[in-house]
Amino acid sequence: MAKVLCVLYDDPVDGYPSSYARDGVPRIDRYPGGQTTPSPSALDFTPGELLGSVSGALGLRRFLESAGHELVVTSDKEGPDSVFERELPDAEVVISQPFWPAYLTAERIAKAPELKLAITAGIGSDHVDLSAAIDHGITVAEVTYSNSVSVSEHVVMMILSLVRNYLPAHQWVLDGGWNIADCVSRSYDLEAMDVGTVAAGRIGTAVLRRLKPFDVRLHYTDRHRLPPEVEEELGVTYHPDVGSMVRVCDVVTINCPLHPETENMFDDALIGRMKRGAYLINTARGKICDRDAVVRALESGRLAGYAGDVWFPQPAPRDHPWRTMPHHGMTPHTSGTSLSAQARYAAGTREILECFFAGKPIRDEYLIVEGGKLAGTGRHSYSAR
Ligand code: NDP
Numbered sequence: 015m016a017k018v019l020c021v022l023y024d025d026p027v028d029g030y031p032s033s034y035a036r037d038g039v040p041r042i043d044r045y046p047g048g049q050t051t052p053s054p055s056a057l058d059f060t061p062g063e064l065l066g067s068v069s070g071a072l073g074l075r076r077f078l079e080s081a082g083h084e085l086v087v088t089s090d091k092e093g094p095d096s097v098f099e100r101e102l103p104d105a106e107v108v109i110s111q112p113f114w115p116a117y118l119t120a121e122r123i124a125k126a127p128e129l130k131l132a133i134t135a136g137i138g139s140d141h142v143d144l145s146a147a148i149d150h151g152i153t154v155a156e157v158t159y160s161n162s163v164s165v166s167e168h169v170v171m172m173i174l175s176l177v178r179n180y181l182p183a184h185q186w187v188l189d190g191g192w193n194i195a196d197c198v199s200r201s202y203d204l205e206a207m208d209v210g211t212v213a214a215g216r217i218g219t220a221v222l223r224r225l226k227p228f229d230v231r232l233h234y235t236d237r238h239r240l241p242p243e244v245e246e247e248l249g250v251t252y253h254p255d256v257g258s259m260v261r262v263c264d265v266v267t268i269n270c271p272l273h274p275e276t277e278n279m280f281d282d283a284l285i286g287r288m289k290r291g292a293y294l295i296n297t298a299r300g301k302i303c304d305r306d307a308v309v310r311a312l313e314s315g316r317l318a319g320y321a322g323d324v325w326f327p328q329p330a331p332r333d334h335p336w337r338t339m340p341h342h343g344m345t346p347h348t349s350g351t352s353l354s355a356q357a358r359y360a361a362g363t364r365e366i367l368e369c370f371f372a373g374k375p376i377r378d379e380y381l382i383v384e385g386g387k388l389a390g391t392g393r394h395s396y397s398a399r
């Protein structure tokens, strides 16, 4: 019987919810493009419940314990005395979410000789040292597509809120004011702006589709080009490299994975090539942007706004400069963990576990590393050191 070690974010400060704002979430059977949503043999939760926090346990407790496995769930993940580090040496499976990542570094992997499977409940496995996973024959899997549309909705929200100056205007209301000139002196229409995405994968393409009705000019750069009929349908211009794209864009949204090619991509030099007053939205990974270069660009006016939900490290320390820099619209890492998304990635996590314990193949689209090499989605979208 296996030990499954699951690292999740803390319950709400007022305790695990006993009721919810809505009575459920709409059911989705297929994602755009036709991939089916997760299909485990059963579910032990009601979609719409909080599953990503410790008490929610991704809805896995009954399933695992009734099969005789041990399930350890904790939010305590940092440092040598953390529950995560203490429980790791005999764990066979580690599960964590990018929102509250259990960083599986090469050092930690070396201390986990039993580890066979690392599941990302969500998308983005950069918190796992993929080269070390390859060397140790560990399978890395994530629930591809489970929250791609969730993130794309967040991106559109953040673009509009920055361009239209929503958050400062809302703050005037909370403060009892009616300061229209203060609200609108940084407020514009998105219409007719040039908007570009770094990467047109699942999220990037969903962002392009959602922005098209705003009558903007769309741009993208990616390692692989979209099919010509999709480019034509979206009216999107391809750029062979990020530098040539950012030069012409008023808004840039980052939607590529974090891997050696993309780490620190938005540094002083690249941000310096953006239009003065451009907006940058990053819901991909914090480390794709140079932390201090972003702060400098907001202070100098090179960027008119920066928003996103991804930081490094996570949770971000209280003195992280992105909390206090000007003209930002940051949230904690929440875009991919709406209650709707949780229902899908919890089901996908169970599907992956069912395959693993039954010795059946895990869906190719969920695989990042398998058999000592990048596999499935990992082979397409990631690179290893
Ligand atoms: P996909 O795998 O569908 O798409 C990723 C795309 O990035 C692929 O088209 C890939 O290119 C492209 N890409 C990789 N490297 C580069 C590069 N150097 N330059 C340009 N494009 C590149 O992933 P998703 O769209 O589902 O997710 C993207 C990322 O978003 C995740 O890896 C994760 O980091 C982040 N994410 C954030 C969430 C949140 O809550 N904030 C939730 C979910 C994901 P190709 O394959 O064509 O080579």
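Residue numbering for the sequence shown follows this note's numbering, starting at 15 and increasing by one per position.
The C-beta atom is built at its ideal place from N, Cα and C for all residues, glycine as well.
#1: Compute the Euclidean distance between the alpha carbons of G292 and S314, then round it to the nearest angstrom.
#2: Beta carbon of N269: closer than 7 Å to some heavy atom of the ligand NDP?
#3: Tell me, to the nearest whole angstrom, how far the beta carbon of W186 is from that of N193; I am working on the premise that it is less than 8 Å.
#4: Below 8 Å on the Cβ atoms is my guess for I148 versus I133; work out the distance and round it to an integer in Å.
#5: Return yes when the C-beta of L174 is under 7 Å from any heavy atom of the ligand GDP, and no when it is not.
#6: Shortest alpha-carbon distance to E92 belongs to which of L72, V86, W114?
#7: Output the boundary residues of the beta strand (DSSP E) element that contains S110.
#8: Under a three-way DSSP split, which group does V221 fall into?
#9: When burial is assigned at 16 or more other CB atoms within 10 Å of the CB, is D43 buried or exposed?
#10: Consider the C-beta atom of A213 and the heavy atoms of the ligand NDP; say whether any pair is separated by less than 7 Å.
#11: How big is the Cα-Cα spacing for A206 and V266?
#12: Secondary structure at S201, three-state DSSP: helix, strand or coil?
#13: Could you check how far apart the C-beta atoms of L102 and A360 are, in whole angstroms? I think they sit under 8 Å.
#14: Just to confirm the assignment, what range does the beta strand (DSSP E) spanning Y359 have?
#15: Shortest alpha-carbon distance to M259 belongs to which of L272, R231, E275?
#16: Taking just the CA atoms, how far does D104 sit from S349?
#17: Residues in the same chain with beta-carbon distance under 7 Å from E128, minus the five sequence neighbours each way, listed in chain order, please.
#18: For the stretch 42-125, which segments carrying the beta strand (DSSP E) assignment without a break, of at least 3 residues, lie completely within its bounds, in sequence order?
#19: How would you call A56, buried or exposed, if buried means at least 16 neighbouring beta carbons within 10 angstroms?
#20: State the beta-bridge partners of N193 as determined by DSSP.
#21: Between H334 and the ligand NDP, is there a pair consisting of the residue's CB and a ligand heavy atom that are separated by less than 7 Å?
#22: Given this structure, state the Cα-to-Cα distance separating G38 from R364, to the nearest angstrom.
#23: If you measure between the beta carbons of T158 and R358, is that distance less than 8 Å?
#24: Can you list the beta strand (DSSP E) stretches of 3 or more residues lying completely in the stretch 299-329, in chain order?
#25: Using DSSP's beta-bridge definition, name the partner residues of Y234.
#26: Report back the beta-carbon spacing between A430 and I366 to the nearest angstrom; my notes put them in contact at under 8 Å.
On the basis of the data shown:
#1: One-based indexing of the sequence shown puts residue 292 at position 278. One-based indexing of the sequence shown puts residue 314 at position 300. Rather than Gly, the amino acid found at residue 292 in this sequence is Ala. Those two C-alpha atoms are separated by around 12 Å.
#2: If you number the sequence shown from 1, residue 269 lands on position 255. N269: yes, Cβ under 7 Å from the ligand NDP.
#3: Counting from one through the sequence shown, the residue named residue 186 turns up at place 172. Counting from one through the sequence shown, the residue named residue 193 turns up at place 179. Contact flag correct, Cβ pair sits at about 5 Å.
#4: Residue 148 sits at position 134 when you count from the first residue of the sequence shown. Residue 133 sits at position 119 when you count from the first residue of the sequence shown. Not confirmed; about 17 Å, so no contact.
#5: For the ligand GDP, the structure offers nothing, since it holds only the ligand NDP.
#6: By 1-based counting over the sequence shown, the position of residue 92 is 78. The option with the nearest alpha carbon to E92 is W114.
#7: Working through the sequence shown from its first residue, we reach residue 110 at position 96. 107-110 is the span of the beta strand (DSSP E), which, as asked, contains S110.
#8: As a working note, residue 221 is residue 207 in the sequence shown. Correct three-state label for V221: helix.
#9: Taking the sequence shown and counting its residues from 1, the one referred to as residue 43 is at position 29. With fewer than 16 other Cβ atoms within 10 Å, it is exposed.
#10: Taking the first residue of the sequence shown as position 1, residue 213 is located at position 199. Checking every heavy atom of the ligand NDP against the Cβ of A213, one is found closer than 7 Å.
#11: Counted from its first residue, the sequence shown places residue 206 at position 192. Counted from its first residue, the sequence shown places residue 266 at position 252. Cα-Cα distance, rounded: 14 Å.
#12: Taking the first residue of the sequence shown as position 1, residue 201 is located at position 187. In this structure, S201 counts as coil in the three-state DSSP scheme.
#13: For this step, residue 102 is matched to residue 88 along the sequence shown. For this step, residue 360 is matched to residue 346 along the sequence shown. Going by Cβ atoms, the distance from L102 to A360 rounds to 22 Å, so no, they are not a contact pair.
#14: Sequence index remark: in the sequence shown, residue 359 carries index 345 (1-based). According to the DSSP assignment, Y359 belongs to no beta strand (DSSP E) but to the alpha helix (DSSP H) extending over 353-372.
#15: Taking the first residue of the sequence shown as 1, we reach residue 259 at position 245. Nearest neighbour of M259 by Cα position, chosen from L272, R231, E275, turns out to be R231.
#16: Taking the first residue of the sequence shown as 1, we reach residue 349 at position 335. Taking the first residue of the sequence shown as 1, we reach residue 104 at position 90. If I take the Cα positions, the gap works out to 33 Å.
#17: For the purposes of this step, residue 128 is taken as residue 114 along the sequence shown, with counting starting at 1. Same-chain partners within the cutoff: D104, A105, E106.
#18: 84-88, 107-110
#19: For this step, residue 56 is matched to residue 42 along the sequence shown. Burial call: exposed.
#20: Position 179 of the sequence shown, counted from the start, is the residue given in the question as residue 193. N193 pairs with nothing; no bridge assigned.
#21: What you label residue 334 is simply residue 320 of the sequence shown in a count that begins at 1. No, since every heavy atom of the ligand NDP falls outside the 7 Å radius drawn around the Cβ of H334.
#22: If you number the sequence shown from 1, residue 38 lands on position 24. If you number the sequence shown from 1, residue 364 lands on position 350. Approximately 20 Å between the Cα atoms of the pair.
#23: As a working mapping, residue 158 is identified with position 144 in the sequence shown. As a working mapping, residue 358 is identified with position 344 in the sequence shown. Contact flag unset, no.
#24: 317-322
#25: On the sequence shown, position 220 is the one that residue 234 refers to. In DSSP, Y234 forms a bridge with T211, Y252.
#26: Coverage of the chain is limited to positions 15 through 399, which leaves residue 430 absent and any answer about it impossible.
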